[in-house]
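Numbering (UniProt numbering), first residue to last: 1 to 88. Built from N, CA and C at the ideal position, the CB exists for glycine as well.
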Amino acid sequence: MTAAIFARREGAQTILLEKHTELRGSTGLSIGSITATGTPHQRQAGIVDDPQAHPAPSSTKRTADWLWRWAGATRPAAPAEARRRARW
Numbered sequence: 001m002t003a004a005i006f007a008r009r010e011g012a013q014t015i016l017l018e019k020h021t022e023l024r025g026s027t028g029l030s031i032g033s034i035t036a037t038g039t040p041h042q043r044q045a046g047i048v049d050d051p052q053a054h055p056a057p058s059s060t061k062r063t064a065d066w067l068w069r070w071a072g073a074t075r076p077a078a079p080a081e082a083r084r085r086a087r088w
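Set out below in structure tokens:
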């Protein structure tokens, strides 16, 4: 869905197919987030991050535990930042 949106912005003709009655993408099946490290946004905010600090994708339980800890630690700031983060 994101690729279609950005491609269309650049002038490409796109077709977006959704099997459900509403547009929802994979967010309907997941928490709708990604983890990234060393991004320009992090550097601008003074956040130093290291890919080695993130759990390996193959360690499912460990990853889930880590994500829940992260979500709990960041939840209070999320609503205030949601509009800025979702501007794209």
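Query, Result
"Local conformation of residue 41 per DSSP, three classes", "helix"
"Given residue 53 as reference, the closest of 37, 46, 44 once Cα atoms are compared", "37"
"Span of the alpha helix (DSSP H) around residue 5", "2–9"
"8 Å Cβ cutoff met for residue 98 and residue 16", "Outside the displayed span of the chain (1 to 88) sits residue 98, for which this structure offers no information."
"DSSP three-state assignment for residue 52, whether helix, strand or coil", "helix"
"Own chain residues within Cβ distance below 8 Å of residue 11, not counting five before or after", "none"
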